[in-house]
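Using our numbering, read the sequence shown as starting at 195 and increasing by one per residue. Heads up: the structure comes next, in structure tokens.
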Amino acid sequence: MANKFQTRRIKVVDLQLDPQNPRFVALKKRDQSSIIAYLLENEDVIDLARSINSYGGLMPGEFPIVCIENNISIVIEGNRRVCACKILLDPGLAPAEFRASIPKITPPIRNDIKKIQVHIISSREAAQIVLGTRHIQGIKKWPSVSKFMFFANQFKAGKSLDEIKTLTGVRKETIVTALKKHFFLEYILSLDCWTELERQNHINYASLHEEGVDRILRIFNTAGSKDLKLKYDDHYKPSSELPDFGKIVEHVVRRVLGILPGKFQISTRTTFSDIRGEIKEWLPPTSATPSLEQTGGVAKSKSSRQTEFYLENLVYNVSPSTKENRALIAICEEVKRISKGGAYRQYPLASSYLVSPEKPWRN
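This is how it looks when you write it as structure tokens:
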């Protein structure tokens with residue numbers, strides 16, 4: 195690393211917190227005041243300021259990494275420490291509700307942190323190995339949404355999976371999963387169906403990640419979702435042959451986020467089959483002749499596939515007064531469950547024997 199950075203003392207007031215830092219992905223505004231407020235609220239900067247005050251300054255070796263861009267000294271690594279120094283020197287930089295918690299510093303401490311030593315690097319790229327090792331697997335890990343953004347930024351910059359693995363110490367399979375999630379969220383954000391109010395409150399990268407990315411992707415990636423014809427290209431971007439795929443995505447996102455009401459709440463256990471009935475108008479018609487695999491090895495007639503009887507509305511008139519009746523009720527409830535939204539297709543026996551246009555099983 196020799197000759198790749200210079201050590202210099204710079205006034206804290208001249209250091210600018212980095213608006214491009216993946217830590218700030220949730221921020222709608224990236225001005226210095228917004229960044230300071232975010233760090234105070236989410237990143238324990240008050241505790242860090244107290245630690246600096248108790249120690250009497252920054253601990254040895256904790257040099258922020260700075261890059262000069264357009265004659266501005268931008269803190270690439272060490273935003274929390276620099277922010278802590280800034281509010282210790284000038285509590286007025288913090289939102290009013292935090293000011294009473296900021297410790298008052300003595301003149302010697304003020305003199306110590308007024309100018310701090312930093313490492314000056316030639317470019318942002320030169321700092322990536324430090325960011326990767328420190329925040330992906332290291333001592334102060336970023337939240338997963340920031341990691342996704344970091345992986346995506348490195349991938350977009352031309353780094354291979356092997357290079358990102360070397361940079362972060364993360365397995366390639368984990369990186370691929372993160373990239374798919376990132377680009378699926380980007381696809382959601384690219385849809386033109388969202389209102390401005392929805393974009394402010396729900397449909398933004400951070401909110402989608404925090405509130406529903408795993409629930410959304412489970413529906414699109416679980417068994418049975420082949421009907422969606424979802425694929426990821428070599429750049430991990432999603433696509434589908436279905437002309438109404440965007441409408442399906444919109445519906446699922448609105449359901450997951452609670453914008454659109456439904457019969458049940460979508461959780462991380464909800465699968466494509468559970469919600470298939472809600473989106474069937476945008477799916478291609480069911481094939482006239484199912485495979486033997488679909489019917490559990492029993493061939494079905496063409497007319498049988500044209501008329502299907504779902505048993506999710508099965509009616510039974512049985513009193514739960516005996517053990518046998520309670521068992522029968524439990525069986526009926528299970529039949530209703532596996533019939534819901536066509537979920538019976540996952541069960542060969544159900545598909546073969548319960549679905550019959552000639553003798554629909556009803557009581």
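Note that CB positions come from ideal geometry on N, CA and C, so glycine has one too.
- Out of VAL364, SER317 and LEU252, the CA that lies nearest to the CA of ILE266 is found in SER317.
- Non-local beta-carbon contacts of ALA351 in its own chain, meaning distances under 7 Å to residues more than five positions away in sequence, are absent.
- Secondary structure note for ILE240: its alpha helix (DSSP H) is the uninterrupted segment 239-249.
- In the same chain as LEU424, and ignoring 5 residues on each side of it, the C-beta atoms closer than 7 Å to its own belong to PHE414, PRO432 and SER434, in chain order.
- Pairing PHE199 with HIS376 gives a Cβ-Cβ distance that is not under 8 Å.
- Straight through space, the alpha carbons of HIS445 and PRO478 are spaced by roughly 17 Å.
- Between LEU436 and VAL407, the CB-CB gap reaches or exceeds 8 Å.
- Less than 8 Å separates the beta-carbon of ILE229 from that of LEU211.
- The residue from ARG449, THR389 and ARG393 with its alpha-carbon nearest to that of LEU411 is ARG449.
- Shortest Cα-Cα distance from GLY251 to any of ILE303, GLU237 and ASP225 involves ILE303.
- For the pair of segments examined, the stretch 280-295 was found not to touch the stretch 340-354: the number of CB pairs separated by less than 8 Å stays below three.
- Per DSSP, reduced to three states, the secondary structure at PHE458 is coil, with no helix or strand assignment.
- Between ARG409 and THR464, the C-beta spacing is below 8 Å.
- The beta carbon of PHE344 sits closer than 6 Å to the beta carbons of PRO216 from its chain, once the five residues preceding and following it are set aside; these are given in chain order.
- Taking C-beta atoms as the reference points, ARG275 and GLU237 fail to come closer than 8 Å.
- Only buried fits ARG470, as 16 or more other CB atoms lie within 10 angstroms of its CB.
- The three-state secondary structure of CYS526, taken from DSSP, is helix.
- For THR201, the three-state secondary structure derived from DSSP is strand.
- Inside the stretch 257-293, DSSP marks whole alpha helix (DSSP H) runs of 4 or more residues at positions 273-283 and 290-293, from first to last along the chain.
- According to the DSSP assignment, LYS366 belongs to no beta strand (DSSP E) but to the alpha helix (DSSP H) extending over 366-384.
- With a minimum length of 4 residues, the unbroken runs of alpha helix (DSSP H) contained wholly in the stretch 390-461 fall at 390-395, 399-415 and 439-450.
- Shown here, LEU209 sits in a strand according to DSSP, grouped into three states.
- For TYR232, same chain residues with a beta-carbon under 7 Å away, outside a window of 5 residues either side, are PHE218 and LEU221 in chain order.
- Judged by DSSP in its simplified three-state form, GLN311 adopts strand.
- In this structure ALA521 is exposed. Its beta-carbon is surrounded by fewer than 16 other beta-carbon atoms within 10 angstroms.
- Taken through DSSP and simplified to helix, strand or coil, ARG224 comes out as coil.
- Excluding the 5 residues flanking it on each side, LYS353 has same chain C-beta neighbours closer than 8 Å at LEU361, in chain order.
- Within the same chain, Cβ atoms closer than 8 Å to the Cβ of LEU454 are found at HIS445 and ARG448, the five residues on either side in sequence being excluded.
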